[in-house]
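*Asks:* First, the structure itself, so that you have it in front of you.
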Amino acid sequence: MAALRADIEPEVLRWARESIGYSIDDAAAKIGAAGGSERLEAWERGEDAPTIPQLRKIARVYRRPLSVFFLPAPPDDFMALRDFRRVPGADAGHWSPNLHSAVIRAGEQREALRELAEIAGEEPTHLPEVDFSDDPEVLGTRIRALIGISLDEQMSWRRPDVALKTWIAAVERTGVLILQTQKIDVDEMRGFALSEDPQGVIVLNGSDSRRGRIFTLVHEFVHVVLHSSGVCDLFPIERARTEADKTEAFCNRVASSVLLPKIAFMADGLVANHDGDEWDDMLLGQLQDRYSVSREVILRRLLTLGKTTFDFYQRKRQAFIDEYRRIKEEKRRGKKPPQISYYRLKVRDLGRPYVELALDAYRGRAISTSEAADYLDVPVKGIERIEQEVGLTSGAE
821 MAALRADIEP EVLRWARESI GYSIDDAAAK IGAAGGSERL EAWERGEDAP TIPQLRKIAR
881 VYRRPLSVFF LPAPPDDFMA LRDFRRVPGA DAGHWSPNLH SAVIRAGEQR EALRELAEIA
941 GEEPTHLPEV DFSDDPEVLG TRIRALIGIS LDEQMSWRRP DVALKTWIAA VERTGVLILQ
1001 TQKIDVDEMR GFALSEDPQG VIVLNGSDSR RGRIFTLVHE FVHVVLHSSG VCDLFPIERA
1061 RTEADKTEAF CNRVASSVLL PKIAFMADGL VANHDGDEWD DMLLGQLQDR YSVSREVILR
1121 RLLTLGKTTF DFYQRKRQAF IDEYRRIKEE KRRGKKPPQI SYYRLKVRDL GRPYVELALD
1181 AYRGRAISTS EAADYLDVPV KGIERIEQEV GLTSGAE
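Residue numbers (this note's numbering): 821 to 1217.
So, in structure tokens, the structure goes:
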């Protein structure tokens, strides 16, 4: 008896593959279909069709619900990536499957959070409205107040990990979900935001430096409150040409004013007492440690405030890029970094408020054990480990 073939439209199958960023050869290898890429091409041309079990495997590989494959045409309303930052100097190009997966996961988790909030009876959080007509310095002051971190607190931190955790927790208190990713090269993506209201989502690349993630976090938060989109890069507003460039330059300017308030920064003795347009690495390093941001963020702020020249900024920026490449290559050739607990990374990547909301629903018996495992993306036996990571007593009450 011939196997039952799935009655699907070939263009939907092709869309699903392309939307995750797989080539024909890569997809065929992951699906493991007999006949390899030639069989997959035949399916996408409509000359043949996968069986139902094969389609289930395809759905898992492409990270799409099985029901999507039975649509009459490719959907045009799936969430698209609104904004992401790259390392300076990295070119935009073909998205990797891991980046596609991260974007899909962010959208899925946002919907899951909305479900959990509804179960808990929580009202969605709406952020104050701002727009591009606001002065970047004034807006920076407003956003810092919204986040709720004083400059004195910021300057009291002595470790980048403490600074990052504190900024993340503060932004989470505004109602924005903060996720982190793994296995995506920082050259490809440092962060992105889903800016829809309510329930904005910011995704940080967990492979980036802590200071790098701090600026990305604040930059993407500016995008969320502006409900804006576009590809980000770190360039000054004076060199912006297109509307997208102007948006990114504006967000950079606002994020810099949040992290380095103009009046206080210009009054800082290291800045106020400096003569000349050039800044050595030792002085930039002191400012970096004092404010828990990268040297490039410091340098760009100095440029914006007229304390250096664009030529010097460009030269130093290129030196930072070269240094980053060298360190990256040394790490690639060196020892692997210490491994972090799988469940600790899971809490970090999902975001603590999301994890706590899912566990609250589980412990209150509003969702089943299997549903809790689905929300937390762990096996059932892993729920207890997640509870231990967030400091809760194991087991449902």
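Glycine residues also receive a C-beta, built at the ideal position from the N, C-alpha and C atoms.
Nearest to valine 1021 by alpha carbon, out of Glu1040, Asp1028, Glu957, Met1009?
*Replies:* Here residue 1021 refers to the residue found at position 201 of the sequence shown. The option with the nearest alpha carbon to valine 1021 is Glu1040.
*Asks:* Is leucine 1177 near the ligand FMN, going by C-beta to nearest heavy atom under 8 Å?
*Replies:* This structure simply doesn't include the ligand FMN, nor any ligand for that matter.
*Asks:* Going by Cα to Cα distance, which pick from Tyr842, Lys877, Phe952, Val1113 is closest to leucine 971?
*Replies:* Start at 1 with the first residue of the sequence shown, and residue 971 comes out as number 151. Minimum Cα distance to leucine 971 is reached at Val1113.
*Asks:* What's the C-alpha gap between serine 839 and valine 1045?
*Replies:* Position 19 of the sequence shown, counted from the start, is the residue given in the question as residue 839. Position 225 of the sequence shown, counted from the start, is the residue given in the question as residue 1045. Approximately 28 Å, taken between the alpha carbons.
*Asks:* Could you have a look at asparagine 918 and say whether DSSP puts it in helix, strand or coil?
*Replies:* The residue labelled residue 918 in the question sits at position 98 within the sequence shown. Here asparagine 918 sits in helix by DSSP.
*Asks:* Taking the Cβ atom as the reference point for each residue, do glutamate 829 and proline 917 lie within a distance shorter than 9 Å?
*Replies:* In the sequence shown, counting from the first residue as 1, residue 829 sits at position 9. In the sequence shown, counting from the first residue as 1, residue 917 sits at position 97. In this structure, proline 917 does not lie closer than 9 Å to glutamate 829 by Cβ.
*Asks:* Excluding sequence positions up to five away, which residues of its chain have a Cβ less than 7 Å from the Cβ of isoleucine 924?
*Replies:* Sequence index remark: in the sequence shown, residue 924 carries index 104 (1-based). These residues qualify, in order along the chain: Arg883.
*Asks:* Hey, how far is the Cα of isoleucine 969 from the Cα of alanine 1139?
*Replies:* Translated into the one-based positions of the sequence shown, residue 969 becomes position 149. Translated into the one-based positions of the sequence shown, residue 1139 becomes position 319. Isoleucine 969 and alanine 1139: Cα-Cα distance of roughly 32 Å.
*Asks:* Which residues mark the beginning and the end of the alpha helix (DSSP H) in which phenylalanine 1035 is found?
*Replies:* On the sequence shown, position 215 is the one that residue 1035 refers to. 1030-1046 is the span of the alpha helix (DSSP H), which, as asked, contains phenylalanine 1035.
*Asks:* Of all the options Gln974, Ala932, Gln1002, Phe1130, which has the alpha carbon lying nearest to the alpha carbon of leucine 1165?
*Replies:* Position 345 of the sequence shown, counted from the first residue, corresponds to residue 1165. Among Gln974, Ala932, Gln1002, Phe1130, the Cα nearest to that of leucine 1165 is on Gln1002.
*Asks:* Roughly how many angstroms lie between the CA atoms of aspartate 1193 and glutamate 867, to the nearest whole one?
*Replies:* In the sequence shown, residue 1193 corresponds to position 373, counting from 1. In the sequence shown, residue 867 corresponds to position 47, counting from 1. Per the sequence shown, residue 1193 should be read as alanine rather than aspartate. Taking the straight line from one Cα to the other gives about 39 Å.
*Asks:* Could you give the distance in angstroms between the alpha-carbon of glutamate 1191 and the alpha-carbon of leucine 947?
*Replies:* Locating residue 1191 in the sequence shown gives position 371, counting from the first residue. Locating residue 947 in the sequence shown gives position 127, counting from the first residue. C-alpha separation (whole angstroms): 30 Å.
*Asks:* Is glutamine 1002 helix, strand or coil by DSSP?
*Replies:* Position 182 of the sequence shown, counted from the first residue, corresponds to residue 1002. It is coil, neither helix nor strand.
*Asks:* Taking the beta strand (DSSP E) that alanine 1013 falls in, what are its first and last residues?
*Replies:* The residue labelled residue 1013 in the question sits at position 193 within the sequence shown. 1011-1014 is the span of the beta strand (DSSP E), which, as asked, contains alanine 1013.
*Asks:* Classify valine 1200: buried if its beta carbon has 16 or more other beta carbons within 10 angstroms, exposed otherwise.
*Replies:* The residue you call residue 1200 lines up with position 380 of the sequence shown. Classification for valine 1200: exposed.
*Asks:* Evaluate valine 958 with the Cβ neighbour count: other Cβ atoms within 10 Å of its Cβ, from every protein chain shown; 16 or more gives buried, anything less gives exposed.
*Replies:* For the purposes of this step, residue 958 is taken as the residue at position 138 of the sequence shown. Classification of valine 958: exposed, given that the 10 Å Cβ count is below 16.
*Asks:* With a CB to CB cut of under 8 Å and the five nearest residues on each side skipped, what residues in its chain are close to leucine 1090?
*Replies:* Along the sequence shown, read from residue 1 onward, the residue named residue 1090 stands at position 270. So the list reads Leu1103, Gln1106, Leu1107, Arg1110, once near-sequence residues are dropped.
*Asks:* Just confirm the distance between the C-beta atoms of leucine 919 and isoleucine 1004, as a whole number of angstroms; I'd bet it's less than 8 Å.
*Replies:* To locate residue 919, count along the sequence shown from 1; it is residue 99. To locate residue 1004, count along the sequence shown from 1; it is residue 184. Their Cβ separation, rounded to whole angstroms, is 6 Å, which keeps leucine 919 and isoleucine 1004 in contact under 8 Å.
*Asks:* Can you tell me which residues form a DSSP beta bridge with threonine 1128?
*Replies:* Indexing the sequence shown from 1 puts residue 1128 at position 308. Partner(s): none; threonine 1128 has no beta bridge.
*Asks:* Just tell me which of Arg930, Arg880, Ala849 has its CA closest to the CA of leucine 1177.
*Replies:* By one-based count along the sequence shown, residue 1177 stands at place 357. If we check each option's Cα against that of leucine 1177, Arg930 comes out closest.
*Asks:* Classify leucine 1196 as helix, strand or coil using the three-state DSSP reduction.
*Replies:* Position 376 of the sequence shown, counting from 1, holds the residue named residue 1196. In the structure shown, leucine 1196 sits in a helix (DSSP, three-state: H, G or I).
*Asks:* Taking the straight line between their C-alpha atoms, what separation do you get for alanine 989 and tyrosine 842?
*Replies:* Here residue 989 corresponds to residue number 169 of the sequence shown, with the count starting at 1. Here residue 842 corresponds to residue number 22 of the sequence shown, with the count starting at 1. Cα-Cα distance, rounded: 35 Å.
*Asks:* Determine the extent of the alpha helix (DSSP H) in which isoleucine 761 is found, giving its start and end residues.
*Replies:* With the chain represented from 821 up to 1217, any question about residue 761 goes unanswered, as that position is not in the structure.
*Asks:* Under DSSP, the beta strand (DSSP E) around leucine 1024 begins and ends at which residues?
*Replies:* Your numbering for residue 1024 matches position 204 in the sequence shown. Run containing leucine 1024: 1021-1025, per the beta strand (DSSP E) assignment.
*Asks:* Measuring straight from C-alpha to C-alpha, what distance separates serine 1142 and leucine 1037?
*Replies:* Counted from its first residue, the sequence shown places residue 1142 at position 322. Counted from its first residue, the sequence shown places residue 1037 at position 217. According to the sequence displayed, residue 1142 carries aspartate and not serine. So the two alpha carbons sit approximately 24 Å from each other.
*Asks:* Measuring CA to CA, which of Ala983, Ile998, Ile878 is closest to glycine 813?
*Replies:* As displayed, the chain neither begins before 821 nor continues past 1217, which places residue 813 out of reach and without an answer.
*Asks:* Relative to the C-alpha of tryptophan 835, which residue among Pro895, Pro870, Ala826, Arg880 is closest?
*Replies:* The residue given as residue 835 occupies position 15 in the sequence shown. Minimum Cα distance to tryptophan 835 is reached at Pro895.
*Asks:* Alpha carbon to alpha carbon, how far is aspartate 1169 from arginine 993? Give it in angstroms, no decimals.
*Replies:* What you label residue 993 is simply residue 173 of the sequence shown in a count that begins at 1. What you label residue 1169 is simply residue 349 of the sequence shown in a count that begins at 1. Distance between the alpha carbons of arginine 993 and aspartate 1169: 17 Å.
*Asks:* Quick one: give me the first and last residue of the alpha helix (DSSP H) that isoleucine 878 is part of.
*Replies:* As a first step, residue 878 is located in the sequence shown; it is residue number 58 there, counting from the start. Counting along the chain, the alpha helix (DSSP H) containing isoleucine 878 begins and ends at 872-882.
*Asks:* For alanine 869 and alanine 826, which I take to be in contact (beta-carbon distance under 8 Å), what is that distance rounded to the nearest angstrom?
*Replies:* Your numbering for residue 869 matches position 49 in the sequence shown. Your numbering for residue 826 matches position 6 in the sequence shown. Between alanine 826 and alanine 869 the Cβ distance is about 5 Å, and since that is below 8 Å, they are a contact.
*Asks:* With H, G and I counted as helix, E and B as strand and the rest as coil, what does DSSP make of arginine 979?
*Replies:* Indexing the sequence shown from 1 puts residue 979 at position 159. DSSP places arginine 979 in coil when its eight states are reduced to three.
*Asks:* Pull the bridge partners of leucine 997 from the DSSP assignment, please.
*Replies:* Locating residue 997 in the sequence shown gives position 177, counting from the first residue. DSSP lists Val1021 as partners of leucine 997.
*Asks:* Arginine 1185 by DSSP, collapsed to three states: which one?
*Replies:* For this step, residue 1185 is matched to residue 365 along the sequence shown. It is coil, neither helix nor strand.
*Asks:* Between valine 934 and the rest of its own chain, which residues show a CB-CB distance below 7 Å, the 5 nearest in sequence each way excluded?
*Replies:* As a working note, residue 934 is residue 114 in the sequence shown. As written in the sequence, residue 934 is arginine, which differs from the valine given in the question. Excluding positions up to five away in sequence, the list reads Gln1019.
*Asks:* How would you label alanine 1069, buried or exposed, when you count the other beta carbons within 10 angstroms and need 16 or more for buried?
*Replies:* Position 249 of the sequence shown, counted from the start, is the residue given in the question as residue 1069. Alanine 1069 is buried by the Cβ-count criterion.
*Asks:* Can you grab the Cα-Cα spacing for the pair glycine 1096 / isoleucine 1083, in whole Å?
*Replies:* Here residue 1096 corresponds to residue number 276 of the sequence shown, with the count starting at 1. Here residue 1083 corresponds to residue number 263 of the sequence shown, with the count starting at 1. Taking the straight line from one Cα to the other gives about 20 Å.
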